[in-house]
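These notes are about the structure you will find just below.
In this note's numbering, the protein residues as written are 75 to 391.
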């Protein structure tokens, strides 16, 4: 429990770095835009390659089974519920896509993996990574598509058909390309030379810190006094705290997954909003200010609710 709280504290410290430098006028909009592009085009692809090649092998992927199916179904259902909630709350056009993404997807590696290891031991690692795999795929396909719809709504451009060349160009983003490339290398059992794996590791390691510094900058722009639980933000937090974990829980019961797997998958579903959400929102034309606010508040809320989550998991499994 203490380790999990310290992990979240580390996130808050990194966000405060961005806040401090932004307040001191050392981090302006030009620098923030550069950071977002660096994360999107360098950090995220490198992190995807490094994580996939470090943690997965061909046998692990072949035996994944329900470990990938459960979170994948949970995320799709969460997206559907998130869309309905966005309509009920009358979330304004231009942020409905990022609303659904934050409602459904989690910070699975920087927070989720170490939290699961701290709570359930090293045997939780494969299950946590199965969730990461589904989370990454959904983020870089459906997530990117719906954020492009936000951009179209703001610009007044007509919606792109989901089955079209234009949609494929949008979906085949740096993150998805690196994810697919990783899968191909793993399934072909290709071992990259040390200099390449180290390069991907070092470049990928900048992803989370820079994303959090960017969020700190966005929060400073918003103003701490304006950082509050508004209607749309409450809707997102409802998804992360309640809807997404419950959907994954019911699916684990439906398919009869083992208790040790179920605990980890439900925990991953309850983790804070993915740290890259504001970066993706800015890059693909959605509401990045709303994304930064939601990510910051969900991280704070996660600290408060983690003990309750542990008690519930002990009770139901």
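Heads up, the beta-carbon is just placed ideally off N, CA and C, and yes, glycines get one too.
Distance from the Cα of residue 173 is smallest, within the candidate group 182, 371, 157 and 334, for 157. Secondary structure at residue 302: coil, using DSSP grouped into helix, strand and coil.
Take the alpha-carbon of residue 255 and the one of residue 215: they are about 15 Å apart. Of 129, 131, 115 and 86, the smallest CA-CA separation from residue 353 is found for 115. In this structure, the beta-carbon distance from residue 180 to residue 343 falls below 8 Å.
Note that the region 330 to 340 does not touch the region 260 to 277; fewer than 3 beta-carbon pairs, one per stretch, sit closer than 8 Å.
Contact check for residue 175 against residue 213 passes: the beta carbons are separated by less than 8 Å. Ranking 84, 369 and 350 by CA distance to the CA of residue 218 puts 350 first. Residue state for residue 347 is assigned as coil, using DSSP reduced to three classes.
Residue 338 is positioned such that its CB atom lies closer than 8 Å to that of residue 194. In this structure, the beta-carbon distance from residue 311 to residue 127 does not fall below 8 Å.
In this structure residue 296 does not touch residue 369 by the C-beta definition: roughly 12 Å separates them, more than the 8 Å allowed. Shown here, residue 138 sits in coil according to DSSP, grouped into three states, outside any helix or strand. The C-beta distance from residue 141 to residue 204 rounds to 4 Å, short enough to fall under 8 Å. Annotation for residue 285: the continuous alpha helix (DSSP H) segment containing it runs 281 to 296. Taking the C-beta atoms as reference points, residue 200 is found no nearer than 8 Å to residue 119.
Approximately 4 Å separates the beta-carbon atoms of residue 96 and residue 294; this is inside 8 Å, confirming the contact. Shown here for residue 252: same chain residues with a beta carbon closer than 8 Å to its own, the five before and five after excluded, namely 118, 119, 120, 122 and 123 in chain order. Taking a contact as a CB-CB distance under 8 Å, the pair residue 144 and residue 326 counts as one, their CB atoms being some 6 Å apart. Your pair residue 224 and residue 171 checks out as a contact, with CB atoms roughly 4 Å apart and the cut at 8 Å.
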